[in-house]
Amino acid sequence: MGKSSAGLLLYRIREAAIEVLLVHPGGPYWKNKDDGAWSIPKGEFLPGEAPVVAARREFFEETGVAVEGELHAL
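Residue numbers (our numbering): 352 to 425.
Shown next as structure tokens:
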């Protein structure tokens, strides 16, 4: 069975354009990747962790910013 991950796609609309937040990942999986590799902040679930909890935790771990409020599933 494959591994599952969760993440948040943070966006804003500015001057009629949609802007999204991407991160330049680190860690062992990314060590041989191109410098142009970008991703949404995401990561694997901890045992028993709900996807939304994992998504918020991973976003905070990767950006240092806690996301509050309602989320919309994609």
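A virtual CB, placed ideally from N, CA and C, is assigned to each residue, including glycine.
Predicted, not measured: the structure shown is a model, and the values here were computed from it.
- Listed in chain order, the alpha helix (DSSP H) runs fully inside the segment 358-394 amount to none, counting runs of at least 4 residues.
- Listed in chain order, the non-local C-beta contacts of Pro392 below 7 Å within the same chain comprise Gly358, Leu359, Val374, Glu409, Phe410, Glu413, Thr414, local neighbours out to five positions each way being set aside.
- In this chain, the alpha helix (DSSP H) harbouring Ala406 covers 402-414.
- Counting every other CB atom within 10 Å of its CB across the protein chains shown gives Ala401 a total below 16, marking it as exposed.
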